[in-house]
Amino acid sequence: MWSWSDHLDHPDGNIGDIPQLYDLNAVPYESLMLGLFSIFYGPDNQVAQRDGVPKINDLQIGFSRDGFHWDRTSRDAFIPSERTKGSWDRAYIHAAGGVCLVVGDELFFYYGAWSGESPNLKGGSMGQHSRANAMYAGGSTGLAVLRRDGFASLTAGSTGGALTTKAVNFSGNSLFVNCDTSAGQLKVEILDSENNPISPFIQDNCFPISVDSTKQLVSWKETSDMSTLRGKQVKFKMHLVNGEIYSFWVSQSQSGKSNGYVAAGGPEYRGSIDTGE
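Heads up, the sequence shown is in the numbering used here, so the first residue is 1 and it goes up one at a time.
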């Protein structure tokens with residue numbers, strides 16, 4: 001028996017059971033907690049055992065800023081059960097501990113999946129060993145790969161658009177963006193708390209960014225060093241045409257290190273934080 005999920009999780013049309021929260025795997029990533037929610041759609045154990053079929057679980061993604069209150073903005077499956085007989089990932093999708101690895105410009109999500117296919121196991125009577133049944137047959141390990149920070153993006157078309165952040169207390173040296181503007185451009189200006197541009201970090205001085213990069217330094221004609229803004233309240237205004245912005249951050253150096261958490265780690269990291277070492 002697991003906890004019910006909420007009214008925003010709808011039953012699977014072919015099963016009809018009320019969805020339940022099977023488990024949650026969470027890990028600190030950059031400045032928040034990243035979570036993979038395993039949503040169980042059924043059938044219940046008795047039906048799965050009788051019919052010799054695996055249970056249906058999808059992985060949904062969410063985030064939290066305090067570890068207690070979680071936001072699942074999208075209820076679509078991040079890593080779904082295929083639900084097709086004969087598929088290696090037919091059902092029973094489970095996240096690996098640690099959620100994901102940071103590997104270069106990508107995030108690696110390892111997960112377990114079950115096909116329910118076996119030359120020997122079938123449904124029906126279990127005896128004393130419930131796992132001697134096709135509902136737990138055909139286990140495999142899958143790998144899903146995502147662009148780093150590629151969970152969502154702010155997108156603008158040919159007419160362009162602008163985004164202004166809330167005021168923040170600035171500390172650092174350099175501004176970096178993760179964006180795909182290879183078919184367009186991005187310019188950034190820095191505003192004070194009253195929305196006045198701060199020279200020399202104005203839009204007209206910003207070198208246009210037309211790249212597909214997960215770590216792109218923002219520069220202006222006079223400088224890319226923003227240390228003069230330390231201790232001030234500032235806003236970032238981003239002017240985007242034909243492109244997508246995935247994330248942005250302030251680094252203490254021009255290496256682009258974020259000093260944020262790196263989930264379960266990765267080959268480039270000696271610890272749990274991106275220190276650039």
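In this text, a Cβ means the ideal position worked out from N, Cα and C, and glycines have one as well. These numbers were taken from a predicted model, which means no experiment stands behind them.
| Query | Result |
| --- | --- |
| Distance between Q20 and W70 (C-alpha atoms, nearest Å) | 16 Å |
| Among W114, V145, L121 and V234, the one whose alpha carbon lies nearest that of L107 | V145 |
| Where the alpha helix (DSSP H) containing A77 begins and where it ends | Neither: A77 is in no alpha helix (DSSP H) and is coded neither H nor E. |
| Three CB pairs or more closer than 8 Å across the segment 187-206 and the segment 227-242 | yes |
| With 16 other Cβ atoms within 10 Å as the buried cut-off, status of R90 | buried |
| Where the alpha helix (DSSP H) containing V47 begins and where it ends | N45 to D51 |
| Cβ shell of V103 (< 7 Å), same chain only, five flanking positions each side left out | G266 and P267 |
| Under the three-state DSSP convention, the category A152 falls into | coil |
| For Q252, the three-state DSSP class (helix, strand or coil) | coil |
| CB contact flag (A263, L101, <9 Å) | yes |
| Stretch pair the segment 216-223 + the segment 164-172: three plus CB contacts closer than 8 Å | no |
| Residues bridged to V99 (per DSSP) | V99 pairs with nothing; no bridge assigned. |
| Cut-off 8 Å between Cβ atoms - residues of its own chain near T73, not counting five sequence neighbours on either side | G62 and A152 |
| Check whether Y92 and P43 have beta carbons under 9 Å apart | no |
| Beta carbon of M33 nearer than 9 Å to that of S64 | yes |
| Backbone CA spacing between R75 and S115 [nearest angstrom] | 24 Å |
| Cα-Cα separation, I80 to Y41 | A small correction: the amino acid at residue 80 is Pro; Ile does not occupy that position in the sequence shown. Near 11 Å, if we compare the C-alpha coordinates of Y41 and P80. |
| Residue closest to P28, alpha-carbon to alpha-carbon, out of H7, G260 and Y110 | G260 |
| Same chain, Cβ closer than 6 Å to A113, neighbours up to 5 away in sequence not counted | D89, I93, S140 and G142 |
| Residues near F207 by beta carbon distance below 6 Å, same chain, minus five either side | S219 |
| Spatial distance of L191 from K237 (CA atoms) | 7 Å |
| Cβ-Cβ separation, R83 to I56 (assumed contact under 8 Å), whole Å | 7 Å |
| Residues that P197 bridges to, as DSSP identifies them | L191 |
| Proximity of S182 and V211 at Cβ, strictly below 9 Å | yes |
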